[in-house]
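Participant: First residue of the sequence shown? That's 8 in my numbering, and the numbers climb one at a time after it.
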Amino acid sequence: MRGRRGAALLLLGLLAFGMGVWALHGFLVDDAYIGFRYVRQVVRGQGWVYNVGERVEGYSNFLWLVLLLPAAAAGVDLVLAAKALGIAVGAGALVAGWALARRLLREEGLPEAWAGWAAVLLGCNPAFAAWAVGGLEAPLFALLVALAAWRLAGEQREGRALPWSAVLLALAAMTRPEGALFFLLALGEQACRWVRWRQAPSRRFWVWTAAFACTFGPYLAWRWATYGYPLPNTVYVKSWGLHPRAFLEGTYYLYQLATLHGGMAFALGLPAAAFLASTRGGAARRAALWAGAYLFLAWLGGGDWMPLGRLGVHVLPLVSALAVAGAARLAHRGGARGSLWARAVLAGTAVLFALQTADLRLVQGVGAGPWVPPPNPQARYLQAHVRPGDVVALTDAGHIAHFLPLDTRVVDMVGLTDAHIAHLPVQFPGGLLARGNGFGRWDVGYVLAQEPAWVQVNILEGDPRAGTARTNWTGTDLLLADPRFREAYVYVVEPGDPEVRGLFRRRAPGGAE
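1. Return yes when the Cβ of residue 189 is within less than 7 Å of the Cβ of residue 176, no when it is not.
2. With DSSP as the reference, label residue 59 as helix, strand or coil.
3. The alpha helix (DSSP H) with residue 468 in it runs from where to where?
4. Does the Cβ-Cβ distance between residue 125 and residue 97 come in under 7 Å?
5. Below 8 Å CB to CB, which residues in the same chain sit around residue 31 once its five sequence neighbours on both sides are set aside?
6. Grab the span of the alpha helix (DSSP H) containing residue 71 for me, first residue to last.
7. On the three-state DSSP scale, how would you describe residue 475?
8. Taking the C-alpha atoms as reference points, what is the distance between residue 430 and residue 113?
9. Is the segment 333–340 in contact with the segment 307–321, if contact means three or more CB pairs nearer than 8 Å?
10. Assuming the contact rule is C-beta atoms closer than 8 Å, residue 57 and residue 424 should be a hit. Round their C-beta distance to whole Å, please.
11. Buried or exposed, going by whether 16 or more other CB atoms sit within 10 Å of the CB of residue 144?
12. Name the two residues that bound the continuous alpha helix (DSSP H) containing residue 164.
13. I need the DSSP call for residue 512, collapsed to helix, strand or coil.
14. Would residue 507 and residue 485 qualify as a contact pair, given that the criterion is a beta-carbon distance under 7 Å?
15. Once you ignore the five residues that flank residue 28 on each side, which residues in its own chain have a CB closer than 8 Å to its CB?
16. Give the secondary structure of residue 463 by DSSP, where H, G and I count as helix, E and B as strand, and everything else as coil.
17. Measure the beta-carbon distance from residue 402 to residue 465 and round it to whole angstroms, keeping in mind my assumption that it falls under 8 Å.
18. Please report how far the alpha carbon of residue 35 lies from the alpha carbon of residue 380, in whole angstroms.
19. Quick one: any contact between the segment 381–400 and the segment 446–462, if contact means 3 or more CB pairs under 8 Å?
20. Under three-state DSSP, which class holds residue 400?
21. CA-CA distance, residue 326 and residue 475?
22. Would you kindly report the start and end of the unbroken beta strand (DSSP E) that includes residue 417?
23. So is residue 116 buried or exposed if we call it buried at 16+ other beta carbons inside 10 Å?
24. Identify whether residue 214 lies in helix, strand or coil by the three-state DSSP scheme.
25. Below 7 Å between beta carbons: does that hold for residue 533 and residue 260?
26. Run the CB neighbour count on residue 225, radius 10 Å, all protein chains shown included, and call it buried at 16 or more, exposed below.
27. Which residue comes first and which comes last in the alpha helix (DSSP H) that contains residue 66?
28. Can you tell me whether residue 45 is helix, strand or coil according to DSSP?
29. Thinking C-alpha only, which one of 252, 64 and 79 is nearest residue 184?
30. According to DSSP, is residue 236 helix, strand or coil?
31. Here's a check: name, in chain order, each residue in its chain whose Cβ is nearer than 7 Å to the Cβ of residue 158, leaving out the five neighbours to either side.
32. Alpha carbon to alpha carbon, how far is residue 457 from residue 418?
33. Which of the three DSSP states is assigned to residue 454 in this structure?
34. With a 10 Å radius around its C-beta and 16 neighbouring C-beta atoms as the bar for buried, classify residue 409 as buried or exposed.
35. Leaving out five residues on either side along the sequence, give the residues of the same chain with a beta carbon under 7 Å from the beta carbon of residue 514.
36. For residue 432, count neighbouring Cβ atoms within 10 angstroms of its own Cβ and tell me buried if that reaches 16, exposed if not.
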């Protein structure tokens, strides 16, 4: 009976996940298009580059892009391919979270049927569904981390199992650079065990370490040799080091995660905390350590600008498994009444998540667009007017560049795909609490030195022709105010398409328009 109940909850979670994906299917972020451009360049034979001949690692999701290569080679639209892949691995991450919850419950001698609630929580969570179709690697990373946690617990229990957890951790590190954190945590856990028990490393440990090194090592060597840096360019442009702004942004990001979807993170955290306070199972403590360390790293790095708690989604299967195991422990201690309250908390959380999904779609309009968005007005205009040999400077280096010829050199003014900007010192001219500074890196002189034929910015208000325009970023505000820019560029006004805003073209020689 309990087995059937657990299976029914798992199926319910998968069904809820499918409904969430359908509701938010139009959700997509601009950064996904940057990766698509790399994939198209690889298929075209130009290698892992954004601009032809420029070796800059403007992506941080290598394995995700590798999985998209067959679709690109077959001519499948990459937006559609990424969404399909995200849904598939998202469903896999849901099942992995369920399997991990079963493992935690089994270690504690609690009914495994409770694990089905982990699937329900994940399936109803709008962030989990949205990022399955967001075009980036979030569901794949969540799957690999959850599988590694599940597999590592099994290997330590079985003793002689093959070290597949090390391979999974290596694949996670190839999906996102911070995936290496989980390997280091697992390594540290074993080192602490040797010190405590005064034991020497076992042969099994060396095999496990070698499995990680043989999988991840060649990739790291290739990356370093190809791009000249051990980490992606995106890490450098987003890194603020020990600047106080990083801690402020990181604290605010954790606050957003904790209050996401009505603050139910706190409701889930209570049973999880109670479980961890009394558990003796290594798998539970490991899952909590992994999730906590990852969120600490997110805080240290200043959080993330993307909506719907992307970084939290990466460890959501771990957190859901812990919360459900905690609820099961409270139910076990509280008898029939405790069981009723535990189920009520889990069911209430799932309902709240479902209502949040409805609010995102029906009220806020998130994900209401088509599965494959058409080019926006700026991209459509540039498609028709960019000529061979033109250089284009963009604030939105994803979506717009996706619709330009691959031979067109794109200057990413934000710096995600530009090594020069990424390695500039961070700056916040408006003060520590000022908004609109982006990643804190820009170089107006450098952008103008590239002599772009076209420049795109995001105008919030005002008229560029009157010198009153204000953009969403300090870097482009400074660009528009620069006398060299005003002299060399003219604002594009398209009477037939009034939605074309924020485009400038370089004046013809002699200053003629």
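Glycine included, every Cβ here is placed at the ideal spot set by N, Cα and C.
Facilitator: This is what the structure holds:
1. yes
2. Looking at residue 59 - three-state DSSP - the assignment turns out to be coil, as it is neither helix nor strand.
3. Taken as a continuous stretch (DSSP letters only), residue 468 belongs to no alpha helix (DSSP H), being part of the beta strand (DSSP E) at 466–468.
4. no
5. Counting only Cβ-Cβ distances below 8 Å, and skipping sequence neighbours, we find 133, 136, 137, 140, 364, 367, 368, 373 and 374.
6. 69–80
7. coil
8. 49 Å
9. no
10. 4 Å
11. Residue 144 is buried by the Cβ-count criterion.
12. Residue 164 -> alpha helix (DSSP H) spans 145–165.
13. strand
14. no
15. 94, 97, 136, 139 and 140
16. strand
17. Under the criterion of beta carbons closer than 8 Å, residue 402 and residue 465 qualify as touching, at roughly 6 Å.
18. The C-alpha of residue 35 lies about 9 Å from the C-alpha of residue 380.
19. The segment 381–400 is in contact with the segment 446–462.
20. Reduced to three states, the DSSP call for residue 400 is strand.
21. Cα-Cα distance, rounded: 48 Å.
22. DSSP places residue 417 inside the beta strand (DSSP E), whose first and last residues are 416–419.
23. exposed
24. Secondary structure at residue 214: helix, using DSSP grouped into helix, strand and coil.
25. Since the first and last residues shown for the chain are 8 and 520, residue 533 lies out of range.
26. exposed
27. Neither: residue 66 is in no alpha helix (DSSP H) and is coded neither H nor E.
28. helix
29. Nearest to residue 184 by C-alpha distance, out of 252, 64 and 79, is 64.
30. Look at residue 236 here: in three-state DSSP terms it is coil, with no helix or strand label.
31. 171, 172 and 175
32. Taking the straight line joining both Cα atoms gives about 8 Å.
33. helix
34. buried
35. So the list reads 495, 496, 497 and 520, once near-sequence residues are dropped.
36. exposed
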